[in-house]
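Okay, structure first, notes after.
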Amino acid sequence: MPMEFLKEKHIEYIKSLDAKQGDLEYWLSEHLRLNGVYWGLTALCILDAKDTFKKEDIVNFVLSCWVKSTGGFSPFPRHDAHLLTTLSGIQILSIYNSLDALTEEQIEKCVEFIKKNQLEDGSFQGDRFGEVDTRFIYTALSSLSILGRLTPEIVDPAVDYILKCYNFDGGFGLSPGSESHAAQAFTCLGALAVVGKVNKLSKSQIDKIGWWLCERQLPEGGLNGRPSKLPDVCYSWWVLSSLAIINKLNWIDYKKLRHFILSSQDTKRGGISDRPDNEVDVFHTLFGITGLSLMGFENLNPIDPVYCMPCEVTSKFKKYPY
Ligand SMILES: [Zn+2]
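In the numbering used here, the protein residues as written are 1446 to 1767.
And the structure:
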């Protein structure tokens, strides 16, 4: 069977998600709703089909997720704010060049919300419930970067904490001493890249990171998140973006990875799943598409490996230190 990239079907699949509001499935995913909009919109941008979603509706939805009492964004109106959804809200507004839809006061409160979740050791908790993970350092620094509000008081302790999450095998864990995981490589390297501090890692550390990452590729072409795990399309993003940040993208066999991603497409209704023959979802659809974009396949629009947003948008960001 000729393996082709089903661009138009993927656009239709993402579009169909927006029409599913009556479905049980849709309501069950309320806690992911704002993230879901960001995943879908970013995929559409890379597919050069940004206008598939109606800008006004999406911006209004994002604004309805802003939580007045705390200043962050929640996944859905009347839920609690969290750092993960705060980044999604800021990314969506930024992609639509609509950050000015927020008032000065709203932006101040949002910056306060993010800063308040930083702990004494430089790490961040996702919200007041206190879960700590390097994912939240990434989301906090990326959000503040997009808003142009990074300061050394926030950045320096966060960078120190990230460096402690580096493991001797060349990977990064979700906290100091925890097992290396490919998604954590992205959150740690991405956070360092957002603040211009990748050079805090030595050359031998960077080489080791490159080796650990390229060993994630399995004989069938797909990438896994940890040794002896199954391949999964989303690691096309976590691993490739990390390799792109350290300029070692070509340490991966592009052709084999492309084949794995394309075999995970739903040839009937569009969308991409975690691995061939599984159910598709918007998360794996985005990360399959961004993986292909990073490798330069399928004539896709370029994705920024640091921000996971279209380069067209991120090329306008102010670089820290300002
Ligand atoms: Zn996955």
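Note that the Cβ used here is the ideal one computed from N, Cα and C, for glycine as well.
- Query: Less than 8 Å between the CB of Phe1728 and some heavy atom of ligand 1, yes or no?
  - Reply: Position 283 of the sequence shown, counted from the first residue, corresponds to residue 1728. Result yes, Cβ under 8 Å from ligand 1.
- Task: Decide if Met1448 is buried, meaning its Cβ has at least 16 other Cβ atoms within 10 Å, or exposed.
- Result: For the purposes of this step, residue 1448 is identified with residue 3 of the sequence shown, where counting begins at 1. Exposed: under 16 other Cβ atoms inside 10 Å.
- For Glu1577, write down the residues that DSSP places opposite it in a beta bridge. The sequence position of residue 1577 within the sequence shown is 132, counting from 1. Note on identity: in this sequence residue 1577 is Val, with Glu being the wrong assignment. For Val1577, which the question treats as bridged, DSSP gives the partners Gln1570.
- Tell me whether Pro1755 sits in a helix, a strand or coil according to DSSP, three-state version. Position 310 of the sequence shown holds residue 1755. If DSSP states are grouped into helix, strand and coil, Pro1755 belongs with the strands.
- Query: Is Met1446 buried or exposed, if buried means 16 or more other CB atoms sit within 10 Å of its CB?
  - Reply: In the sequence shown, the residue the question calls residue 1446 occupies position 1. For Met1446, the predicted structure reports a pLDDT of 49, less than 50, and the residue's modelled location is therefore unreliable. A value from the coordinates is still provided. Burial call: exposed.
- Message: If you reduce the DSSP assignment to three classes, tell me which class Ile1706 lands in.
- Response: Locating residue 1706 in the sequence shown gives position 261, counting from the first residue. If DSSP states are grouped into helix, strand and coil, Ile1706 belongs with the helices.
- Message: Rounded to whole angstroms, what is the Cα-Cα separation between Gly1615 and Ser1673?
- Response: Taking the first residue of the sequence shown as position 1, residue 1615 is located at position 170. Taking the first residue of the sequence shown as position 1, residue 1673 is located at position 228. Taking the straight line from one Cα to the other gives about 16 Å.
- Message: Just to be sure I understand the criterion: a residue counts if its Cβ is closer than 5 Å to at least one heavy atom of ligand 1. Which residues meet that?
- Response: Asp1677, Cys1679 and Asp1719
- Item | Coil, strand or helix - Tyr1611 by DSSP | Working through the sequence shown from its first residue, we reach residue 1611 at position 166. It is a strand residue.
- Query: Below 9 Å between beta carbons: does that hold for Tyr1541 and Lys1500?
  - Reply: The residue you call residue 1541 lines up with position 96 of the sequence shown. The residue you call residue 1500 lines up with position 55 of the sequence shown. It is a contact, given that the beta carbons lie within the stated cut-off.
- Distance between beta carbons of Ile1537 and Ile1591, contact taken as under 8 Å: Residue mapping note: residue 1591 aligns to position 146 of the sequence shown, counting from 1. Residue mapping note: residue 1537 aligns to position 92 of the sequence shown, counting from 1. Going by Cβ atoms, the distance from Ile1591 to Ile1537 rounds to 11 Å, so no, they are not a contact pair.
- Message: Per the DSSP calculation, Ile1717 is bridged to which residue(s)?
- Response: What you label residue 1717 is simply residue 272 of the sequence shown in a count that begins at 1. Partner(s): Gln1710 and Asp1726.
- Unbroken alpha helix (DSSP H) runs of length 4 or more, entirely within the stretch 1587–1640: which are they? 1597–1609 and 1627–1639
- Query: Using the rule of at least 16 other Cβ atoms within 10 Å of the residue's Cβ for burial, across every protein chain shown, is Pro1766 buried or exposed?
  - Reply: Start at 1 with the first residue of the sequence shown, and residue 1766 comes out as number 321. It counts as exposed.
- Query: Got a sec: does ligand 2 put a non-hydrogen atom nearer than 8 Å to the Cβ of Leu1564?
  - Reply: Ligands in the displayed structure: ligand 1; ligand 2 is not one of them.
- Query: Roughly how many angstroms separate the alpha carbons of Lys1495 and Arg1714, rounded to a whole number?
  - Reply: For the purposes of this step, residue 1495 is taken as the residue at position 50 of the sequence shown. For the purposes of this step, residue 1714 is taken as the residue at position 269 of the sequence shown. Taking the straight line joining both Cα atoms gives about 19 Å.
- Query: When the Cα atoms are used, what is the spatial distance from Asp1698 to Ile1748?
  - Reply: The residue you call residue 1698 lines up with position 253 of the sequence shown. The residue you call residue 1748 lines up with position 303 of the sequence shown. Approximately 19 Å between the Cα atoms of the pair.
- Query: According to DSSP, is Phe1518 helix, strand or coil?
  - Reply: Position 73 of the sequence shown holds residue 1518. Phe1518 falls in the strand class under three-state DSSP.
- Query: Going by DSSP, what residues sit across from Gln1563 in a beta bridge?
  - Reply: By one-based count along the sequence shown, residue 1563 stands at place 118. In DSSP, Gln1563 forms a bridge with Phe1569.
- Query: Skipping 5 residues on each side, what residues in its chain have a beta carbon closer than 7 Å to that of Gly1655?
  - Reply: In the sequence shown, counting from the first residue as 1, residue 1655 sits at position 210. Only Leu1688, Ile1691, Lys1693 and Trp1696 meet the Cβ criterion.
- Item | Given Cys1753 as reference, the closest of Trp1683, Gln1662 and Glu1724 once Cα atoms are compared | As a first step, residue 1753 is located in the sequence shown; it is residue number 308 there, counting from the start. Checking every option, the nearest Cα to that of Cys1753 belongs to Trp1683.
- Cα-Cα, which of Val1577, Glu1553 and Tyr1583 is closest to Gly1635? Your numbering for residue 1635 matches position 190 in the sequence shown. Cα-wise, what sits closest to Gly1635 is Tyr1583.
- Message: DSSP three-state label for Asp1677, please.
- Response: Residue mapping note: residue 1677 aligns to position 232 of the sequence shown, counting from 1. In this structure, Asp1677 counts as coil in the three-state DSSP scheme.
- Message: For a test of the three-state rule: what should DSSP assign to Met1446, helix, strand or coil?
- Response: Against the sequence shown, residue 1446 aligns to sequence position 1. Only weak support exists for where Met1446 lies, its pLDDT of 49 falling under 50; the coordinates are left without a value.
- Query: Hey, would you say Asp1572 sits closer than 9 Å to Leu1619, going by beta carbons?
  - Reply: Here the question's residue 1572 lines up with position 127 in the sequence shown. Here the question's residue 1619 lines up with position 174 in the sequence shown. Not closer than 9 Å, so no.
- Message: Once DSSP output is grouped into helix, strand and coil, what is the label at Asp1493?
- Response: Within the sequence shown, the letter at position 48 stands for residue 1493. In the structure shown, Asp1493 sits in coil (DSSP, three-state: anything other than H, G, I, E or B).
- Message: In the DSSP assignment, the alpha helix (DSSP H) including Val1643 goes from what residue to what residue?
- Response: Translated into the one-based positions of the sequence shown, residue 1643 becomes position 198. Note, Val1643: premise wrong, no alpha helix (DSSP H); not H, not E.
- Nearest-angstrom Cα separation, counted from Glu1660 out to Asp1463: Start at 1 with the first residue of the sequence shown, and residue 1463 comes out as number 18. Start at 1 with the first residue of the sequence shown, and residue 1660 comes out as number 215. Using only the alpha carbons, I get a separation of about 38 Å.
- Do the stretch 1714–1732 and the stretch 1478–1491 make contact, defined as three or more Cβ pairs closer than 8 Å? yes
- Task: Please check if any C-beta of chain B sits within less than 9 Å of the C-beta of Asp1698.
- Result: Absent from the structure is chain B; it holds one protein chain and no more.
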